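First comes the structure, then the notes that go with it.
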Amino acid sequence: MSNSPGDLNWDALQKLAAESQEDGGDDQDLDALDDPEIDAEPAVEEQPTAPPAKRPTPPRSEPKPRSESGHDEEEGPGVGDRLREALRKSSVRPGQEDTLRSPVVLGLGGGIALLLLIGAVFHFMINRQTTEEAFGEGKGLYDEGKYANAVTSLTDFLALHGNTEYSKPAMVIRGKAEVDQLAITRKEYGSALERLRGFINDFQDFEQFESERPYVAATARTIALEAAKEAGRKKQDELLNTSDEARTIFTTFAAQDIKPKEMIAEIEKTKRASQADILRSRTQTDASAAIEAALKKQDTMGGIASWRNLVGRYEELRKDAKIRGLLDKVLTAEQGRVAVEELSVAAETEDVPVDVGPPVTFAFHARSSTDEVSGGRCVLVVAKDCLYGVDTITGEPMWRRTIGLNTPFFPVVDSATGAAVLFDTRQGELQRVDVNSGKLIWRVPVESTASAAPLLSGGRVLLPTEGGRLYDVSFGDGSIGRRVSFSQAISTPALMPGGERMAIAGHQEVFYVVNFSSLECERVQYLGDGHAAGSIAAPLLPMGPYVLACENNADGDSCALHVLNAAQTSGELVEVATATVQGLVVDPAVIRGQDLFVPSTGERVSSFTVSDVAGQPVLTVGPVYPGQPLGNAPISLLAGPERQVWIAGSAVRKLQVSGDDLKSGQNPEAVGTVSQPLQYVERMLFHGRRRSYTDAVTFVRMNRDTLVGDTQAVLGSKLLAWNVSDRTPLSVIAATEAGMVFRTT
5 MSNSPGDLNW DALQKLAAES QEDGGDDQDL DALDDPEIDA EPAVEEQPTA
55 PPAKRPTPPR SEPKPRSESG HDEEEGPGVG DRLREALRKS SVRPGQEDTL
105 RSPVVLGLGG GIALLLLIGA VFHFMINRQT TEEAFGEGKG LYDEGKYANA
155 VTSLTDFLAL HGNTEYSKPA MVIRGKAEVD QLAITRKEYG SALERLRGFI
205 NDFQDFEQFE SERPYVAATA RTIALEAAKE AGRKKQDELL NTSDEARTIF
255 TTFAAQDIKP KEMIAEIEKT KRASQADILR SRTQTDASAA IEAALKKQDT
305 MGGIASWRNL VGRYEELRKD AKIRGLLDKV LTAEQGRVAV EELSVAAETE
355 DVPVDVGPPV TFAFHARSST DEVSGGRCVL VVAKDCLYGV DTITGEPMWR
405 RTIGLNTPFF PVVDSATGAA VLFDTRQGEL QRVDVNSGKL IWRVPVESTA
455 SAAPLLSGGR VLLPTEGGRL YDVSFGDGSI GRRVSFSQAI STPALMPGGE
505 RMAIAGHQEV FYVVNFSSLE CERVQYLGDG HAAGSIAAPL LPMGPYVLAC
555 ENNADGDSCA LHVLNAAQTS GELVEVATAT VQGLVVDPAV IRGQDLFVPS
605 TGERVSSFTV SDVAGQPVLT VGPVYPGQPL GNAPISLLAG PERQVWIAGS
655 AVRKLQVSGD DLKSGQNPEA VGTVSQPLQY VERMLFHGRR RSYTDAVTFV
705 RMNRDTLVGD TQAVLGSKLL AWNVSDRTPL SVIAATEAGM VFRTT
């Protein structure tokens with residue numbers, strides 16, 4: 005334990021006392037203890053903590069003898085000197101202590117200073133290690149792609165260690181983490197671009213920013229490319245603007261060695277693709293809205309047109325379930341618009357009475373031989389507003405009926421009964437007459453004019469009329485039992501295989517499949533791209549399991565042939581083959597066996613082979629008869645044996661398929677514009693035509709092989725002039741437009 009200031013150094017005193025006893029020191033030396041001049045110094049040595057021992061009283065010794073000179077012998081420093089020295093160093097008088105010179109204070113101060121120094125060193129080392137670890141933690145999170153955690157960690161780091169050497173790197177990494185969190189994790193490219201701009205503004209004055217230029221370029225490129233892609237996915241124009249702005253930053257910061265031109269080209273390509281996607285989406289949205297609006301107005305054809313325009317622009321949407329669903333919705337609505345009404349309209353069996361007697365007809369007739377006798381059988385001829393019955397043997401007109409001008413179809417003959425169904429435009433009636441006598445069997449009024457020839461099958465007459473209506477008329481008594489209303493004009497029904505259904509072409513876009521018995525519409529079908537209004541002008545042609553539809557193209561000089569499989573148990577029409585012919589098809593095609601002949605404008609005839617054998621092509625293109633390039637006459641075809649076909653247009657020709665040719669082996673006959681379909685009766689060909697100088701019909705019976713005519717009748721010739729003789733008997737001389745002069749009495 006250390007002595008307090010002013011205390012004596014008892015250990016030193018005890019030691020001196022012991023030495024004095026051994027050396028025999030005198031009391032004089034001890035008397036020096038009473039000398040007031042002795043200065044006490046503070047102890048510099050630490051003493052044991054035990055209390056000091058009781059000061060012993062040393063025995064007095066005999067005085068030391070002096071030298072002869074009167075001085076003590078110098079035997080070195082004596083005990084007294086040493087004692088005085090010890091006392092001078094260890095003790096001071098009370099009240100005169102120097103605290104700052106106290107060994108204890110000095111020792112404590114030095115120790116404290118040393119401890120502070122050591123603590124400062126350790127504090128610096130520990131603090132440096134902690135700062136480095138905290139920075140490394142935030143940087144590690146960023147390197148691992150945990151950007152949100154990196155932002156939080158580096159924000160906390162800067163709050164605690166904002167003035168360290170790691171502060172600026174931490175700020176830079178945190179800025180990058182904020183950008184990457186938006187661009188990579190959240191894919192918020194607009195916000196990422198704004199934060200990237202902030203990053204550039206915040207750190208572009210830093211010395212180390214130069215090393216961050218590649219990061220800025222790479223991030224700007226990522227934003228530009230991904231924003232362009234996202235624009236296409238989300239259909240947002242704003243993201244395209246973001247892409248453009250990011251591309252500008254990329255161009256500014258990109259180094260030339262990374263081939264920025266190629267990367268910019270990639271961004272532009274992606275942008276264009278997204279622009280196309282956005283346009284497609286908007287077009288699709290607009291089309292969907294147009295379809296829905298059309299359905300509300302029951303404008304199903306308008307809805308189909310909108311759908312066709314959409315898929316015509318974007319072909320891949322045809323297979324899109326949602327887009328296909330829109331079409332199905334329209335077709336279902338169109339099917340719902342087909343309505344069947346029950347009617348009960350009885351037919352009349354007597355002709356309309358007239359106030360005048362039977363007219364006199366000036367008809368020219370000639371024949372090359374008279375050895376054949378009439379069999380009482382007639383063929384039909386339409387001339388102007390009249391229907392004639394002409395004897396098949398003699399060529400002589402046998403009867404005449406007025407049916408009105410511009411009858412919509414040539415009378416349809418039922419060969420089993422020898423009766424014909426015709427339409428009288430004067431009375432607006434459907435009539436059935438006997439072909440051989442011309443007598444009326446029945447007549448029934450129809451509300452609208454017939455628009456196409458009727459279908460005769462199963463004892464029924466199915467007549468399409470203007471306004472999109474189909475009348476179900478009994479062939480036996482002429483009564484009308486039902487009427488089917490469509491939303492548009494329709495074609496002549498074509499009986500499908502099995503006779504249970506009929507296929508009907510609408511004026512535009514769709515086909516209808518109608519149950520033959522109930523007349524209910526079973527389905528409405530949109531095939532291919534649909535068909536334009538009026539593009540199917542020729543009637544549908546049944547061909548075994550198939551139905552042929554001829555769709556004229558918009559170019560005005562070609563026609564697409566569609567072969568539809570109509571033998572599906574579901575009644576669905578499935579396109580199985582297509583072909584294209586030059587010219588427009590407006591007249592009926594004909595088929596005999598496997599040989600199909602299709603007429604087109606310019607008196608062109610295209611031949612095909614049709615097959616329903618598995619493994620063989622459904623439709624094989626054959627040779628083409630080129631026709632007359634300048635001809636625009638209507639065409640009538642009649643197919644015969646041995647792959648022969650007769651064509652009547654501007655003249656009558658016989659064609660035959662021979663190898664790769666379809667050609668005529670003889671000169672054309674009966675020049676003039678055909679006025680009605682060719683008829684083949686009793687192995688003879690009957691042809692009606694109008695000559696260039698008259699509207700009268702010249703009707704000729706011809707040998708089908710040689711095309712030589714042996715009878716001729718000129719019918720429907722208008723009187724140009726006449727003179728009535730006043731002599732008895734009364735006679736009339738008349739001249740007709742056909743150049744014939746008649747005299748009658």
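With the working numbering as the guide, the letters of the sequence shown map in order to residues 5 to 749.
For glycine and all other residues, C-beta sits at the position ideal for the given N, C-alpha and C.
Computed from a predicted structure; not experimentally measured.
DSSP lists L466, R486 as the bridge partner or partners of D476. When rounded, the separation of the alpha-carbon atoms in L243 and L335 is 38 Å. Membership of E338 in the alpha helix (DSSP H) is indicated by the continuous run 325-340. Under the Cβ criterion (8 Å, minimum of three pairs), the stretch 315-331 does not count as touching the stretch 341-354.
Put simply, the backbone Cα of S729 is about 8 Å away from that of I737. Within its own chain, the residues whose Cβ lies closer than 8 Å to the Cβ of A593, once the five positions on either side in sequence are excluded, are A542, L545, L552, C554, L600, F601, V602, P603, L641, listed in chain order.
Secondary structure at L723: strand, using DSSP grouped into helix, strand and coil. Under the 10 Å beta carbon count, Y550 is surrounded by 16 or more other beta carbons and is classified as buried.
DSSP places S611 within a strand segment (E or B) once states are collapsed to three. Residue ranges of uninterrupted beta strand (DSSP E) with 3 or more members, entirely inside the stretch 641-700 and ordered along the chain, are 648-652, 656-662, 665-668, 683-685, 688-694. Of all C-beta pairs linking the stretch 368-381 to the stretch 405-414, fewer than three are shorter than 8 Å, placing the two stretches out of contact. Taking all protein chains shown into account, D184 has 16 or more neighbouring C-beta atoms within 10 Å of its C-beta and is therefore buried. Within the DSSP bridge table, the entry for T406 names C390 as partners. Residue burial is scored here from C-beta neighbours: P630 has fewer than 16 other C-beta atoms within 10 angstroms and is therefore classed as exposed. Its chain contains T469, E470, G471, R473 as the residues whose beta carbon lies nearer than 7 Å to that of S452, once the 5 sequence neighbours on both sides are disregarded; these appear in chain order.
Using a 10 angstroms sphere on the CB of A269, the tally of other CB atoms stays under 16, which defines it as exposed.
For M547, the enclosing beta strand (DSSP E) has its first and last residue at 545-547. When the alpha-carbon of F427 is set against those of C390, T421, G399, T398, the nearest one is in C390. Rounded to the nearest angstrom, the Cβ distance from L531 to H566 is 7 Å, consistent with a contact under 8 Å. A residue is called buried when at least 16 other Cβ atoms come within 10 angstroms of its Cβ; P363 does not meet this threshold and is exposed. Between M744 and V704, the C-beta spacing is not below 8 Å.
Only residues of its own chain outside the window of five on either side were considered, and among them L689 have a CB closer than 6 Å to the CB of R708, listed in chain order.
Residue environment for E182: buried (at least 16 other C-beta atoms within 10 angstroms of its C-beta). Where Y219 is concerned, there is no enclosing beta strand (DSSP E), although the alpha helix (DSSP H) around it starts and stops at 217-238. The beta carbon of D616 sits closer than 8 Å to those of G548, P549, Y550, V622, all from its chain and outside the five residues before and after it, given in chain order.
Per the DSSP secondary-structure output, V417 pairs in a beta bridge with A424. L577 and A618 have their C-alpha atoms some 18 Å from each other. By the Cβ-count criterion, A259 is exposed, with fewer than 16 other Cβ atoms from all chains shown falling within 10 Å of its own Cβ.
Straight-line measurement puts the Cα of S610 at about 35 Å from the Cα of A742.
Distances from the alpha-carbon of S419 to those of L229, K658, Q683, A583 put Q683 closest. Contact annotation: E230 and Y193 have beta-carbon atoms nearer than 8 Å.
In the DSSP assignment, I737 is bridged to N727, R747. Under the criterion of beta carbons closer than 8 Å, F490 and V342 qualify as touching, at roughly 6 Å. At least 8 Å separates the beta-carbon of P638 from that of L666. Apart from the 5 residues on each side of it in sequence, G393 sits with its Cβ closer than 6 Å to the Cβ of C382, M402, W403, G442 in its chain, given in chain order. Under the DSSP assignment, P449 falls outside any alpha helix (DSSP H), being part of the beta strand (DSSP E) whose first and last residues are 444-449.
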